[in-house]
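K.L.:
After the structure tokens below, expect a handful of questions from me.
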Amino acid sequence: MSGTARPITIVGTPVLHSPCRPVERFDDELAALVDDMFASMYAANGVGLAANQIGVDLRVFVYDCPDGDDVFQKGVIVNPTLVLPEGQERNLDPDDEGCLSIPGPRAVVGRPDLATCHGFDVTGAPVTVHGTGVLARCLQHETDHLDGMLYIDRLSKAARKQVLREFEERRAGAAT
Ligand SMILES: [Zn+2]
Numbered sequence: 063m064s065g066t067a068r069p070i071t072i073v074g075t076p077v078l079h080s081p082c083r084p085v086e087r088f089d090d091e092l093a094a095l096v097d098d099m100f101a102s103m104y105a106a107n108g109v110g111l112a113a114n115q116i117g118v119d120l121r122v123f124v125y126d127c128p129d130g131d132d133v134f135q136k137g138v139i140v141n142p143t144l145v146l147p148e149g150q151e152r153n154l155d156p157d158d159e160g161c162l163s164i165p166g167p168r169a170v171v172g173r174p175d176l177a178t179c180h181g182f183d184v185t186g187a188p189v190t191v192h193g194t195g196v197l198a199r200c201l202q203h204e205t206d207h208l209d210g211m212l213y214i215d216r217l218s219k220a221a222r223k224q225v226l227r228e229f230e231e232r233r234a235g236a237a238t
């Protein structure tokens, strides 16, 4: 692992709240960014990380995350497109979710329990990842990031307020 861990951007930072640009060049610069993203994710004990979480507005995320069989799946997806089940295939799984960009609190978010993500690897070759379990949630959470959305944007007003209050309290506590 040759990457360097970079600071994680925190809720309120503009790059987290607007859509990222598609990657156009699959070059050494992209490979170096992905190395840094893996290093940053592991340093923060995360299971997924989007580029804008280290301040880069490009559509790429990395993950190292357990699937529905508790087997860790690791990878990178550039320019992801998410496909979610519809109709009878669609089962909402209400489970706890947190985010490295809102350290501390967690909240229940209902998401489909299956997700397929199409995109490209770091060389530009097409990839498709079928996610079950936590990985299904992770693929959705990370693609949301690249669309400028955080999980709190999917909560009720009250639940969102609660998460942000807890985050602020912990941050104030840590500062003193
Ligand atoms: Zn997140």
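Residue numbers (the working numbering): 63 to 238. Yeah, the Cβ is synthetic: ideal placement off N, Cα and C, and Gly gets one too.
If we call anything under 8 Å between Cβ atoms a contact, is residue 65 one with residue 113?
P.N.:
no
K.L.:
Look up residue 164 in the DSSP assignment and say whether it is helix, strand or coil.
P.N.:
In this structure, residue 164 counts as coil in the three-state DSSP scheme.
K.L.:
Among the residues of its own chain, which have a CB less than 6 Å from the CB of residue 221, if the five just before and after it don't count?
P.N.:
169
K.L.:
Classify residue 177: buried if its beta carbon has 16 or more other beta carbons within 10 angstroms, exposed otherwise.
P.N.:
buried
K.L.:
For the alpha helix (DSSP H) that residue 200 lies in, which residues bound it at each end?
P.N.:
195-208 is the extent of the alpha helix (DSSP H) around residue 200.
K.L.:
Suppose contacts are defined by Cβ-Cβ distances below 8 Å. Is residue 142 in contact with residue 134 by that definition?
P.N.:
no
K.L.:
Counting only the same chain and skipping the five closest in sequence on each side, list residues whose C-beta sits under 6 Å from that of residue 119.
P.N.:
77, 82, 83
K.L.:
Quick one: is residue 203 buried, meaning 16 or more other Cβ sit within 10 Å of its Cβ, or exposed?
P.N.:
buried
K.L.:
Here's the rule: buried if 16 or more other CB atoms are within 10 angstroms of the residue's CB, otherwise exposed. What is residue 199?
P.N.:
buried
K.L.:
With H, G and I counted as helix, E and B as strand and the rest as coil, what does DSSP make of residue 176?
P.N.:
In the three-state reduction of the DSSP assignment, residue 176 falls in the strand class, which pools E and B.
K.L.:
Does the beta-carbon of residue 163, which I'm using as the reference point, lie nearer than 7 Å to any heavy atom of ligand 1?
P.N.:
yes
K.L.:
Please look up how many angstroms separate the CB atoms of residue 144 and residue 201, rounded, as I've assumed it's under 8 Å.
P.N.:
7 Å
K.L.:
Apart from the five residues on each side of it in sequence, which residues of its chain come closer than 6 Å, Cβ to Cβ, to residue 190?
P.N.:
180
K.L.:
Looking only at its own chain, which residues have a Cβ that is under 8 Å from the Cβ of residue 123, when we skip the five neighbours before and after it?
P.N.:
99, 110, 111, 112, 113, 138, 139, 142, 204, 205, 207, 208
K.L.:
From the DSSP output, read off the bridge partner residues of residue 66.
P.N.:
None; residue 66 has no bridge partner.
K.L.:
Which of helix, strand or coil does DSSP assign to residue 129?
P.N.:
coil
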